[in-house]
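Just below is one structure, and these are the notes that go with it.
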Amino acid sequence: MLLSLAFRNIVKSKARSIITLLLSTVTTAFFIVYVAFTDGSHFGFIKSSVEIYTGYAHVNLNGYRDEGGYDNLIEDAGSIDAILKNDVSIKSYSQRFETYALLSGDEKAVGGLVAGIVPSREKSLSKLHESRIKGEYLEDNDTNQIYIGSELAKRLKVNVGDQIAMVGSSIDYSFAAELFKVKGIFKTGLFEFDSQSAFVNKSYLDTVMLSENIASYFTLYFHDNNAIDKMTAHLQTSLPSEVEVVNWRILLSALVQAMLVDSIFNYISISIFFLVIFFVIMIFSYVNIYTRAREIGLLRALGLTSKDIFGMLFIEIVLLATASVVVGTLIGASVAYYYELHPIVISGIAETYKEYGVISDEIPMNFDLFTITWNALTIFILNLAAILYPISKINKLTAMEAMRYV
Amino acid sequence: MKLSHICKTFYPDSPKEIKALKDINLSFEKGEFTTLSGESGSGKTTLLNIIGGLDAATSGKIFFEGEEISAYSEEKMAKLRLNHIGFIFQAYNLIQVLTVRENIGFIMRLLKFDEVAINARILELASILQIEDILDKLPSELSGGQQQRVAVARAVASRPKLILADEPTANLDSKNSERLMQMLRTLNEKEQVTVIFASHDRYVLEQSKRVIVLSDGAVVEDH
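Keeping their order, the protein sequence lines are chains A and B.
For the first sequence, the numbering used here begins at 217 and goes up steadily by one.
For the second sequence, the numbering used here begins at 35 and goes up steadily by one.
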């Protein structure tokens, strides 16, 4: 009976029901799109940072992250390579050898990171190749060719074709020096990285640094980088105990902290959004319910208890909230899904984005069914919660007071 | 039903204080057909509302079938109204979203009567009150007289022990008033329902077996 009455009230009061439906539908759709957008930007930012150079996980000797240096290198890179090659969860991987050396141009000398990479493999592991702004990227058979960051090129006052002298220490701590020709210049947008990094074909650098079959670490991508903790834990079991697998959350802990702060600001803005929506729905419900005071008083007079009135009004909002949240979710999820597949492209801001380490001008949304369901449920509960106060207020009136309410 | 020393004061202890009822002592027996009469503001509607538990007395006690109900909670009073009291309001007060048929069966459904019994009762009352042809209409499609007859049907449908009618003829012409009173009289005699009116309509007074006259919140005549 109450369900029928609630349903009739919804149908009879078309204007009121449509406004309630619209309010809740728009709120749901907006909220889902907003969260999909912020999550999308968030994940995009992390993805860019991880994919520029670091990679989703590293395999290195225990102690390498804390102490670095030549005492913690993987000395039998071939055996680790064999293990990684046979692991089906790994999509791509490559070894790197990193050292710090003095780099000199014709006029200036600066210290920087010189990394030996496998150029062909790096294409699927980092954005070095895509970040090229001048000259050419490295090849696997390059010898004394060097690929340097744009800021480093500025500091050394060199350009493509110019020579750079490298002076460093080989792994037996003997003197290592070589002349390189600048093959290409890259710009990732990460200032520190662009001003300190230079890359050389690893097989050639190994001859200079005496680091054949030696690696600082392996960088790798899993097939499912979203389940990074599970993947790294699984990989760890197949590696020797002196080697550790470290995921990007640890490698980029400063970024993770920054994202956490960003998330807190997001939560604050979402909380304000919730608060505003809660009060809008509550005030609207309050006005709606009080315009029906006479009708409610009549029902009380006829014998409905305050619990019955609560039930009837609650069923009304459950029906309206269900319909609006379902429609709002479908709209919001469709928008999120579409813009995940076809990210919003804000052309012309790519350069600005690069300053923040994001090398794409696409802003993808994040379509995640769990998040969407959770968000829809939140708005649904918000709708129900917002009506509790107006119902409790109207139920405090006696039947006669409600019937006389103007 | 028995009322003992009933007083009702609106806005107590304020400059707007109104003593609507002053020490009312009355008893109503089963099957009575009584009218509370008096000028506007005499307190008859207030007294009717207190009898029906729609309003609470400031002091005094009310007994229904020997049990004191004046201290009932709002919930308990609602159940008492649902089970035992039928209301006919001056402004009809039908539920606008329900059809005539649903309005008449509303209280029976709340009381979880059998659907067959509900439908039989609706048809029976529709026949008595001559509203068979409007059963599927909404209240907004009915005339005042038709609405009041539906209100009567709703009030008596579940066979309550007591029917309270507040100025039931106020919005009706003389022909409809006569018809309504005849119907209530018939129901009173056939089903032994106690009916208490609040009215100053001469025709209602003439039809009543007992008339209680109130003036300035006090009973001045009871015959």
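Where a beta carbon is used, it is the ideal one built from N, C-alpha and C, also for glycine.
Computed from a prediction, not measured in an experiment: that's the story for all the values here.
Please decide whether residue i counts as near chain B, where near means a Cβ-Cβ distance under 8 Å.
i	result
G519 (chain A)	yes
L239 (chain A)	no
M616 (chain A)	yes
N225 (chain A)	yes
K228 (chain A)	yes
R516 (chain A)	yes
S608 (chain A)	no
L535 (chain A)	no
S215 (chain A)	This structure cannot speak to residue 215 (chain A), because chain A is shown only from 217 to 622.
S487 (chain A)	no
L221 (chain A)	yes
S522 (chain A)	yes
Are the beta-carbon atoms of residue i and residue j separated by less than 8 Å?
i	j	result
G271 (chain A)	L341 (chain A)	yes
A539 (chain A)	F583 (chain A)	no
E225 (chain B)	R193 (chain B)	yes
G87 (chain B)	G251 (chain B)	no
G328 (chain A)	D422 (chain A)	no
T228 (chain B)	G65 (chain B)	yes
A189 (chain B)	G120 (chain B)	yes
L436 (chain A)	L289 (chain A)	no
I387 (chain A)	S427 (chain A)	yes
I579 (chain A)	A245 (chain A)	no
Whose C-beta lies closer than 8 Å to the C-beta of residue i among residues of the same chain, with five residues either side of it excluded?
i	result
L535 (chain A)	A222, F223, I226
N187 (chain A)	This structure does not reach residue 187 (chain A), given that chain A is present from 217 up to 622, and the question cannot be answered.
K373 (chain A)	G321, D322, E323, K324
Please classify residue i: is it buried, with 16 or more other beta-carbons within 10 angstroms of its beta-carbon, or exposed?
i	result
H274 (chain A)	buried
L476 (chain A)	exposed
E136 (chain B)	buried
N591 (chain A)	buried
I248 (chain A)	buried
L238 (chain A)	exposed
Q241 (chain B)	buried
D256 (chain B)	exposed
N83 (chain B)	buried
Can you tell me which of the three DSSP states residue i falls into?
i	result
L455 (chain A)	coil
R232 (chain A)	helix
S295 (chain A)	helix
Q412 (chain A)	helix
I165 (chain B)	coil
T315 (chain A)	strand
I531 (chain A)	helix
K110 (chain B)	helix
V131 (chain B)	coil
S308 (chain A)	strand
T228 (chain B)	strand
T43 (chain B)	strand
T404 (chain A)	coil
G328 (chain A)	strand
Y502 (chain A)	helix
N375 (chain A)	coil
E323 (chain A)	coil
Y126 (chain B)	coil
Given residue i, which residues of its chain have a CB within under 6 Å of its CB, disregarding the five upstream and five downstream residues?
i	result
I40 (chain B)	L55, I58, A91, G94
N276 (chain A)	Y433
Q412 (chain A)	G328, L329
M581 (chain A)	A252, F253, G256, A552, Y555, E556
S211 (chain B)	T203, Y237
Just checking: is the beta-carbon of residue i within a distance shorter than 8 Å of some beta-carbon in chain A?
i	result
R143 (chain B)	yes
N127 (chain B)	yes
N83 (chain B)	yes
E175 (chain B)	no
R115 (chain B)	yes
E109 (chain B)	yes
F121 (chain B)	yes
Q124 (chain B)	no
V245 (chain B)	no
D148 (chain B)	no
Which same chain residues end up closer than 7 Å to residue i when comparing Cβ atoms and leaving out the 5 residues on each side of it in sequence?
i	result
H439 (chain A)	S305, K307
V238 (chain B)	T69, T203, M215, F231
P606 (chain A)	M498, S501, Y502, I505
L144 (chain B)	L116
R516 (chain A)	I525, A615, A618
E352 (chain A)	K399, G400
L395 (chain A)	N360, Q379, A381
K36 (chain B)	S61, F97
Spell out whether any CB of chain C is found under 8 Å from the CB atom of residue i.
i	result
M217 (chain A)	Among the chains of the structure shown, chain C does not appear; the protein chains present are A and B.
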